[in-house]
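Working notes, beginning with the structure itself.
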DNA sequence: CTGAAAGCGCTTACAG
DNA sequence: CTGAAAGCGCTTACAG
């Protein structure tokens with residue numbers, strides 16, 4: 001294995017001091033143009049790259065961001081929530097554009113992640129993505145904040161919780177999609193998905209749903225059925241729901257993954273969609289448009305979300321005050337709502 | 001901001017030397033059990049984490065792997081090939097299990113990536129994922145090898161090309177899926193996707209396809225239509241194909257993404273699938289089962305693939321000889337082939 | 001504009 | 001089993 005060149009090697013070849021090499025490579029205005037060019041030429045020739053570890057150690061930062069992904073406890077080993085996956089792309093790109101590397105890691109809520117990254121100087125800040133029991137989550141967030149770790153999270157906005165959050169307008173999305181169904185004449189509503197503070201995003205969607213029903217004066221016969229964000233959970237939730245309430249004509253799902261399971265359960269029960277029961281989801285994941293029937297849902301702008309996440313984190317690292325950010329959502333109308 | 005504790009702080013608190021702290025934290029058998037436990041307790045209490053930059057600098061490695069993802073030049077900013085995405089999960093997990101961090105980055109084939117990672121000690125090795133013009137790719141691979149960089153790539157196996165490759169049996173997959181169609185009585189075949197050395201994986205699939213047709217003695221009327229791996233490209237390729245060959249009854253696609261476009265084009269042309277034309281894909285991406293009709297395709301085990309990629313890279317880093325690896329594929333029969 | 005020197009926080013021979 | 005010391009490869013005051 002060829003020895004890696006160091007700045008001393010370059011200095012030697014260029015006939016200057018190592019300090020000058022370092023300056024020249026960083027384009028310091030302090031160094032003479034000719035010297036700088038000579039040094040850079042030699043560096044290129046010797047295939048020299050600044051050693052990140054040394055540079056980071058000296059400068060006390062890592063120019064790296066860590067993306068921590070939490071998974072639903074039930075998802076199998078292979079599956080990542082497609083919604084988060086779509087954010088991954090823009091986060092990666094935004095980090096790169098800002099000159100930061102991106103470390104990615106899947107975590108369990110129970111892991112010791114809250115201390116790992118920034119404390120060991122592996123990353124200058126952390127992006128938190130994922131659902132999970134909010135109560136448990138919250139404790140860790142508090143610790144993170146106590147350690148002065150820089151972090152942003154994707155999730156429900158909540159003034160009480162620690163740190164800064166970027167999230168979409170779950171309430172409005174739940175409201176809009178329910179109103180859409182109401183406008184189409186639906187009356188007997190069911191919401192499938194957790195609707196309590198352990199899952200604040202789902203809860204906000206539920207509250208939007210409930211608000212729309214209340215304004216339309218049909219809230220009294222609305223029902224709710226728990227489910228976590230997987231296809232299987234949506235499937236079995238539907239079966240239970242149908243048993244308890246065979247008369248419903250509209251199902252609002254807390255996520256597309258749930259909705260996909262609902263669609264399958266209804267089909268297996270020989271219930272026509274949307275004629276007998278209309279179904280809507282939330283997230284606009286890629287399969288939503290391929291489902292049969294195609295799924296009416298609420299779209300969150302994942303590209304923008306990734307960019308804002310990175311931008312906010314960078315500003316936090318720079319020491320600025322950063323506010324929560326509420327992202328606008330859009331209704332995507334397809335066949336499953338019967339529009 | 002609270003000052004971060006260093007090993008000297010721990011040493012001070014524990015009343016031992018800093019060397020001993022370092023040893024104790026790394027569980028060195030050299031240090032007395034009591035001393036070790038005392039040191040570890042204090043470290044925990046002070047929330048001390050070994051500084052990665054210092055440790056890596058000293059040990060001359062980074063304990064991180066870099067995952068470089070190349071994209072099709074035409075894909076828009078948001079979309080990552082879902083096939084690679086599904087490998088991401090297992091690569092991340094496998095790295096973590098081996099105690100390595102994972103850096104991820106999207107690259108253009110034209111970027112200067114071949115020198116960036118290992119040379120700057122950011123990563124101990126590189127995993128290359130993605131399609132792209134093989135000719136251009138190959139040059140970079142040669143440079144990588146010349147620099148003694150540790151890398152593995154996902155792709156076609158080819159003894160001539162530099163480095164070690166892990167790939168699925170594209171030839172067999174192309175053969176199997178074509179044979180499946182042949183068994184169902186199809187006679188007039190078309191292959192949609194690039195079939196030349198710039199895209200060796202597609203080419204191998206094509207060759208498997210062609211071999212099956214040759215054995216069945218129907219190769220003389222088989223056609224091929226270029227397309228890159230996107231839905232849109234599959235769509236327009238189908239339209240051109242139909243114009244040239246209205247008589248075909250089976251389309252073998254080089255990828256699922258292409259197949260999804262083909263399905264849409266046939267539907268828009270009022271051609272029934274699979275009655276008039278049977279369609280098959282390759283990859284078994286998540287939407288394949290949601291397409292209408294659901295797509296018969298070839299499944300590559302992405303979980304295994306990710307594990308083997310990481311394992312091979314780690315062995316390369318450890319200085320072992322590593323062989324290419326050909327992964328087995330499975331036919332997934334759904335509706336689009338008319339079975 | 002340039003150089004000599006200190007120091008970032010570790011790990012690990014070396015000596016005891 | 002433990003400590004004093006060197007050194008990984010940089011960046012950056014400090015002095016000129």
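Protein chains in written order, with UniProt numbering: chain Y, 1 to 339; chain W, 1 to 339. Don't be surprised by glycine CBs; every beta carbon is placed ideally from N, CA and C.
* Asked: Under 7 Å Cβ-Cβ, which residues of chain Y neighbour residue 104(W)?
  -> Position 104 of the second chain, counted from the first residue, corresponds to residue 104(W). Under the 7 Å cutoff, chain Y gives 92, 102 and 104.
* Asked: Roughly how many angstroms separate the alpha carbons of residue 272(Y) and residue 308(W), rounded to a whole number?
  -> The sequence position of residue 272(Y) within the first chain is 272, counting from 1. The sequence position of residue 308(W) within the second chain is 308, counting from 1. Residue 272(Y) and residue 308(W): Cα-Cα distance of roughly 45 Å.
* Asked: Is there a Cβ from chain Y that is less than 9 Å from the Cβ of residue 147(W)?
  -> If you number the second chain from 1, residue 147(W) lands on position 147. For residue 147(W), the answer is yes, since a Cβ of chain Y falls inside 9 Å of its Cβ.
* Asked: According to the Cβ coordinates, are residue 253(Y) and residue 218(Y) closer than 9 Å?
  -> Reading the first chain from its first residue, position 253 is the one you call residue 253(Y). Reading the first chain from its first residue, position 218 is the one you call residue 218(Y). No. Outside cutoff.
* If you drop the 5 nearest sequence neighbours on each side, which residues of the same chain put their C-beta closer than 6 Å to that of residue 332(W)? -> The residue labelled residue 332(W) in the question sits at position 332 within the second chain. Answer for residue 332(W): 284, 297 and 299, listed in chain order.
* Would DSSP call residue 38(Y) helix, strand or coil? -> As a position in the first chain, residue 38(Y) is number 38, starting the count at 1. Three-state DSSP puts residue 38(Y) in a helix.
* State the CB to CB distance for the pair residue 124(W) and residue 63(W), rounded to an integer number of angstroms; the pair is presumed to be in contact (CB under 8 Å). => The residue labelled residue 124(W) in the question sits at position 124 within the second chain. The residue labelled residue 63(W) in the question sits at position 63 within the second chain. Yes, they are in contact, since the Cβ atoms of residue 124(W) and residue 63(W) sit about 7 Å apart, within 8 Å.
* To do: Go through its chain and collect everything with a Cβ distance to residue 223(W)'s Cβ below 6 Å, but skip five positions before and after it.
  => In the second chain, counting from the first residue as 1, residue 223(W) sits at position 223. Closer than 6 Å at the Cβ level, and outside the excluded window around residue 223(W), lie 190 and 245.
* Asked: How big is the Cα-Cα spacing for residue 144(W) and residue 96(Y)?
  -> For the purposes of this step, residue 144(W) is taken as residue 144 along the second chain, with counting starting at 1. For the purposes of this step, residue 96(Y) is taken as residue 96 along the first chain, with counting starting at 1. When the Cα atoms are used, residue 144(W) and residue 96(Y) turn out to be separated by approximately 22 Å.
* To do: Output, in chain order, the set of chain Y residues within a Cβ distance shorter than 7 Å of residue 292(W).
  => Translated into the one-based positions of the second chain, residue 292(W) becomes position 292. In chain order: 292.
* For residue 270(W), is the beta carbon positioned less than 8 Å from some heavy atom of the ligand MN? -> Here there are no bound small molecules, and the ligand MN is not part of this structure.
* When DSSP labels each residue in this structure, what does residue 122(Y) get in the three-state scheme? -> As a position in the first chain, residue 122(Y) is number 122, starting the count at 1. In this structure, residue 122(Y) counts as coil in the three-state DSSP scheme.
* Cα separation between residue 34(Y) and residue 60(W)? -> Reading the first chain from its first residue, position 34 is the one you call residue 34(Y). Reading the second chain from its first residue, position 60 is the one you call residue 60(W). Cα-Cα distance, rounded: 33 Å.
* Report buried or exposed for residue 199(Y), applying the criterion of at least 16 other Cβ atoms within 10 angstroms of its Cβ. => Here residue 199(Y) refers to the residue found at position 199 of the first chain. The residue is buried, with at least 16 neighbouring Cβ atoms inside 10 Å.
* According to DSSP, which residues form a beta bridge with residue 299(W)? -> For the purposes of this step, residue 299(W) is taken as residue 299 along the second chain, with counting starting at 1. Per DSSP, the beta bridge partners of residue 299(W) are 283(W) and 330(W).
* Can the beta-carbon of residue 106(Y) be found closer than 9 Å to that of residue 89(W)? -> Working through the first chain from its first residue, we reach residue 106(Y) at position 106. Working through the second chain from its first residue, we reach residue 89(W) at position 89. At the C-beta level, residue 106(Y) and residue 89(W) come within 9 Å of one another.
* Tell whether a beta-carbon distance below 9 Å holds between residue 156(W) and residue 103(W). => In the second chain, counting from the first residue as 1, residue 156(W) sits at position 156. In the second chain, counting from the first residue as 1, residue 103(W) sits at position 103. No, they are not a contact pair.
* Asked: Measuring CA to CA, which of 6(W), 17(W), 214(W) and 15(W) is closest to residue 55(W)?
  -> What you label residue 55(W) is simply residue 55 of the second chain in a count that begins at 1. Looking at the Cα atoms, 6(W) is the closest of the given residues.
* Asked: Which same chain residues, not among the five before or five after residue 36(Y), have their C-beta less than 6 Å away from its C-beta?
  -> The residue labelled residue 36(Y) in the question sits at position 36 within the first chain. Result list for residue 36(Y): 24, in chain order.
* So, is residue 44(Y) buried or exposed, given that buried needs 16 or more other C-beta atoms within 10 angstroms? -> Numbered from 1 along the first chain, position 44 holds the residue referred to as residue 44(Y). With fewer than 16 other Cβ atoms within 10 Å, it is exposed.
* Inter-stretch contact (C-beta, 8 Å, three-pair minimum) for the stretch 163-180 of chain Y and the stretch 205-212 of chain Y -> They touch, by the three-pair rule.
* Should residue 229(Y) go down as buried or exposed, given a rule of 16 or more other Cβ atoms within 10 Å for buried? -> Counting from one through the first chain, the residue named residue 229(Y) turns up at place 229. The residue is buried, with at least 16 neighbouring Cβ atoms inside 10 Å.
* **Continuous beta strand (DSSP E) stretch holding residue 252(W): start and end** => The residue you call residue 252(W) lines up with position 252 of the second chain. Residues 250-253.
* **Environment of residue 243(W) [buried if 16+ CB atoms lie within 10 Å]** => Looking up residue 243(W) in the second chain gives position 243. Under this definition residue 243(W) is an exposed residue.
* Straight-line gap, residue 148(Y) to residue 323(W) (C-alpha atoms, nearest Å) -> Indexing the first chain from 1 puts residue 148(Y) at position 148. Indexing the second chain from 1 puts residue 323(W) at position 323. Looking at the two C-alpha atoms, the distance is approximately 47 Å.
* Asked: Does the beta carbon of residue 210(W) come closer than 9 Å to any beta carbon on chain Y?
  -> Start at 1 with the first residue of the second chain, and residue 210(W) comes out as number 210. In terms of beta-carbon proximity, residue 210(W) stays away from the interface with chain Y, with every pair separated by 9 Å or more.
* Step through the CB atoms of chain Y and report whether any lies within less than 9 Å of the CB of residue 82(W). => Translated into the one-based positions of the second chain, residue 82(W) becomes position 82. Closer than 9 Å: yes.
* By DSSP, does residue 149(W) sit in helix, in strand, or in coil? -> The residue labelled residue 149(W) in the question sits at position 149 within the second chain. Residue state, collapsed to three classes: coil.
* Asked: Taking the Cβ atom as the reference point for each residue, do residue 226(Y) and residue 277(Y) lie within a distance shorter than 9 Å?
  -> The sequence position of residue 226(Y) within the first chain is 226, counting from 1. The sequence position of residue 277(Y) within the first chain is 277, counting from 1. Their beta carbons are not under 9 Å apart, which means residue 226(Y) does not touch residue 277(Y) by this criterion.
* Nearest to residue 339(Y) by alpha carbon, out of 293(Y), 316(Y) and 328(Y)? -> By one-based count along the first chain, residue 339(Y) stands at place 339. Among 293(Y), 316(Y) and 328(Y), the Cα nearest to that of residue 339(Y) is on 293(Y).
* **CB contact flag (residue 182(W), residue 85(Y), <9 Å)** => Taking the second chain and counting its residues from 1, one reaches residue 182(W) at position 182. Taking the first chain and counting its residues from 1, one reaches residue 85(Y) at position 85. No, the pair does not count as a contact, with Cβ atoms beyond the cut-off.
* Buried or exposed: residue 328(Y), going by 16 or more other Cβ atoms within 10 Å of its Cβ? -> By 1-based counting over the first chain, the position of residue 328(Y) is 328. With fewer than 16 other Cβ atoms within 10 Å, it is exposed.
* Asked: Under the three-state reduction of DSSP, which class applies to residue 325(W): helix, strand or coil?
  -> On the second chain, residue 325(W) is found 325 positions in, with the first residue counted as 1. Reduced to three states, the DSSP call for residue 325(W) is strand.
* Through-space distance from residue 164(W) to residue 100(W), alpha-carbon basis -> Numbered from its first residue, the second chain carries residue 100(W) at position 100. Numbered from its first residue, the second chain carries residue 164(W) at position 164. If you take the alpha carbons of residue 100(W) and residue 164(W), they lie about 20 Å apart.
* **Straight-line gap, residue 42(W) to residue 14(W) (C-alpha atoms, nearest Å)** => Here the question's residue 42(W) lines up with position 42 in the second chain. Here the question's residue 14(W) lines up with position 14 in the second chain. The straight-line gap from Cα to Cα measures roughly 7 Å.
* Residues of the stretch 23-49 of chain W whose Cβ lies closer than 7 Å to any Cβ of chain Y, in chain order -> Taking 7 Å as the cut-off between beta carbons, the residues of the stretch 23-49 of chain W near chain Y are 47 and 49, in sequence order.
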